[in-house]
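Input: a single structure, listed below in C-alpha cells.
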C-alpha cells in the first residue's frame, strides 16, 4: 500500500509541466482534505520549481483549496457521520483521533493541518463531533497556510536548491514547526489565564 502511494505521488509530480497542472493541483488540494491519500506538497514543489516566481501564489491557491476541502469534509462528517469515516480509517485510529479532539480541541486541528498526519480524518471527525465551524476554519487556514506558504517562500527564495533540502529534512522541519506551534499555543493559554486571574482575583 505504501509503495502504491509513493508511485502515485511520483506520478503526480510528472504532471508538473502539463497545461492543466495548476487545475490538478487545485483538485488535489481540495480532495486531500476529504478523501485523496496523496498530499499536494509534491506537485506544489514540482510546479513551483518550473517557475519559482509563482511559488507563493501557488501556495496560496493550495491553501484556499485545502481549506475548502476541509469545510467539505466537516459538512460530510456532520451530515453522514461515522460510516463514511470508518470507510477511510479503522475504528481504532478514529478513537485515537477522537481522544486528541477531546483533550486538545482546536489545537489538534491546527497541528494536523500543518503536519503529515492525514488531515481528512480530522476534518470529517470534526463534523461528526459537531465542532464549531469558525474555530475549525481559522485553525485550518493557519495550519494549512503555514505549511504550504513555508514551501512556497522557500522555493521563491532558493529555487531548485530547496527541493533536496526539503526532501532530506522534511520530518525535522515538520516536527520543529509543529513544536513551535505547540509552544506558542501553550504560551497563549498561560497568558490568557494569567490575564483572567488578574481581572478576576476571586
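Numbering (our numbering), first residue to last: 47 to 248. Glycine is no exception: its CB is placed at the ideal position from the N, C-alpha and C atoms.
| Asked | Found |
| --- | --- |
| Three or more beta-carbon pairs under 8 Å between the segment 85-92 and the segment 127-134, yes or no? | no |
| Taking one C-beta from the segment 148-156 and one from the segment 194-207 each time, how about it: are there three or more such pairs within less than 8 Å? | no |
| Rounded to whole angstroms, what's the CA-CA distance from residue 180 to residue 131? Just pull it up for me. | 22 Å |
| Between which residues of its own chain and residue 135 is the CB-CB distance below 6 Å, once the five residues before and five after are set aside? | 167 |
| Take the Cβ of residue 204 as the centre, count every other Cβ of all protein chains shown within 10 Å, and call the residue buried at 16 or more, exposed below. | exposed |
| With distances taken from CA atoms, which of 174, 121, 119 and 161 is nearest residue 147? | 174 |
| Measure the beta-carbon distance from residue 114 to residue 76 and round it to whole angstroms, keeping in mind my assumption that it falls under 8 Å. | 5 Å |
| Helix, strand or coil: how does DSSP classify residue 176 here? | coil |
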